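Participant: Please find one structure pasted underneath; my questions will follow.
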Amino acid sequence: MLSQKTKDTLLGPLNVNNPVVVQVLGICSALAVTVQLKPALVMGIAVTIIVAMANVIVSLIRNTIPMRIRIIIQLVVVAALVTLVSEVLKAFAYDVAMQLSVYLGLIITNCILMGRLEAFAMTNNAWDSFLDGLGNGFGYAIILVIVAFFRELLGSGALLGYQIIPDSWYAAGYENCGMMMMPAMALILVGCIIWAHRSINKEEK
Amino acid sequence: MEHALSLFVRSIFADNMIFAFFLGMCSYLAVSKTVKTSAGLGVAVTFVLLITLPVNYLLQVYVLNPLGLSYLSFILFIAVIAAIVQIVEMVVEKFSPSLYASLGIFLPLIAVNCAIMGGSLFMQQRILLDPENVKAIANIGDAFAYALGSGIGWFMAIVCLAGIREKMEYNDVPKPLQGLGITFITVGLMAMAFMCFSGLKI
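From first to last, the protein sequence lines stand for chains A and B.
The first sequence lines up with residues 691 to 895 when you count with the working numbering.
The second sequence lines up with residues 9 to 210 when you count with the working numbering.
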């Protein structure tokens, strides 16, 4: 159904060309919202939607944008989309919007967006740009979910707010690792993910 | 005055942009290979924060809040930041070519640095806080103090990391961990060290 090129565009960013661990884009928010799984999921979905939409819009108007002021135009497109998404989240998922706080607004300066807009949407047609946006959004979301999974499981013994570690373990002396809730552990976890990712994909380099 | 001073010191150590909030991480990791270039970027970030944050403070308090338009703040803030970065670039190029030569390549990058936008968004939240709160930004002086403190905190963080990375060149790091991986872990350890400032009271 999909040609090889579109397949690469869509699936490449999930692993080999992952925006977070390979291209090192969008680290700021990836680290900050991963204390729990739920905000991480919401953030991943929000970024996916925004990247895909922004890619389509910029790709449609790419021939009319003057080169000198393209960054400002891209920023305005992204800022408008982020405003929309944040208003929707405030209306339907207020508690998550509050948890994400400034990091929702910081999607505007998320390097994934500017990177994809500059590198892909400015030179490709709308459909390919849409797929590229989806792929990169999912690639970002996967890393967020992995980090958040470990941080929530080890840090508070729960997943998506439901307790996973049985009470009998706590009775037997098991304790939650408070360190996992600290910002520092997010950095170290991402470092370990990069380590694992590079060891697995070694032969392709 | 006391409040502004406390805000200043807190934003350098306890509320450090990098170690507590991960803001400006992309350029932080990408440009911290040598001390010299990272110091250049640190100065540029401090400089732009010092201009954009008070301007956005005035816009928020005297334009957006009275008109009830605060949902437009994202677009307005990013437009102000992009415009000011452009103006700063032109002014520096005209009046100080030597400074432009050292900062030049970093200035356009700063428009999309999360630390700048994050500073403005935190400022927006902190306006709403009770004035007694140590984190509150109640007037333009506080906004300057917060901007300067955040900028210096960012500068310090990037210069420290660049120093460590320069030394780490000689270390025997496992192959898949080299480069980015070990940098993340280094930053994590630095963040742990900075956590000891979190109870700081002045």
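Note that CB positions come from ideal geometry on N, CA and C, so glycine has one too.
This structure is a prediction, so every number in the text was calculated from the model and none was measured.
1. Is it buried or exposed for residue 768 of chain A, if we count other Cβ within 10 angstroms and need 16 for buried?
2. Give the DSSP-derived three-state secondary structure of residue 769 of chain A in the structure shown.
3. Using a Cβ cut-off of 7 Å, pull out every chain A residue sitting near residue 76 of chain B, in sequence order please.
4. Take the Cβ of residue 93 of chain B as the centre, count every other Cβ of all protein chains shown within 10 Å, and call the residue buried at 16 or more, exposed below.
5. So which residues of chain A does residue 207 of chain B contact, with C-beta pairs closer than 8 Å?
6. Measure the alpha-carbon distance for residue 748 of chain A versus residue 802 of chain A and round it to whole angstroms.
7. Near residue 752 of chain A, which residues of its chain fall below 8 Å by C-beta distance, leaving aside the five closest residues on each side in sequence?
8. Could you have a look at residue 694 of chain A and say whether DSSP puts it in helix, strand or coil?
9. For residue 177 of chain B, report the span of its alpha helix (DSSP H) as first-last.
10. Determine the DSSP secondary structure at residue 853 of chain A, reduced to helix, strand or coil.
11. Starting from residue 125 of chain B, find everything on chain A with Cβ-Cβ shorter than 9 Å and list it in chain order.
12. What separation, rounded to the nearest whole angstrom, lies between the Cα atoms of residue 724 of chain A and residue 105 of chain B?
13. Which whole runs of the alpha helix (DSSP H) in the region 106-131 of chain B are 4 residues long or more, in chain order?
14. What residues are listed by DSSP as bridge partners for residue 886 of chain A?
15. With a cut-off of 8 Å, do at least 3 Cβ pairs link the region 182-191 of chain B to the region 54-70 of chain B?
16. By the three-class DSSP mapping on this structure, what secondary structure does residue 848 of chain A have?
Facilitator: According to the structure shown:
1. buried
2. helix
3. Near residue 76 of chain B there are no residues of chain A at all, since even the closest Cβ is about 14 Å away, more than 7 Å.
4. Residue 93 of chain B counts as buried, since no fewer than 16 other beta carbons sit within 10 angstroms of its beta carbon.
5. Going along chain A, no residue has its Cβ under 8 Å from residue 207 of chain B, so there is no contact; the nearest lies around 14 Å.
6. Spanning the two alpha carbons is a distance of roughly 14 Å.
7. 811, 812, 813
8. helix
9. Residue 177 of chain B -> no alpha helix (DSSP H), and no H or E assigned at all.
10. strand
11. 792, 795, 796, 798, 799
12. Rounded to whole angstroms, residue 724 of chain A and residue 105 of chain B show a C-alpha spacing of 43 Å.
13. For the region 106-131 of chain B, whole alpha helix (DSSP H) runs of length 4 or above, ordered along the chain, are 115-118.
14. Beta-bridge pairing links residue 886 of chain A to no other residue.
15. no
16. strand
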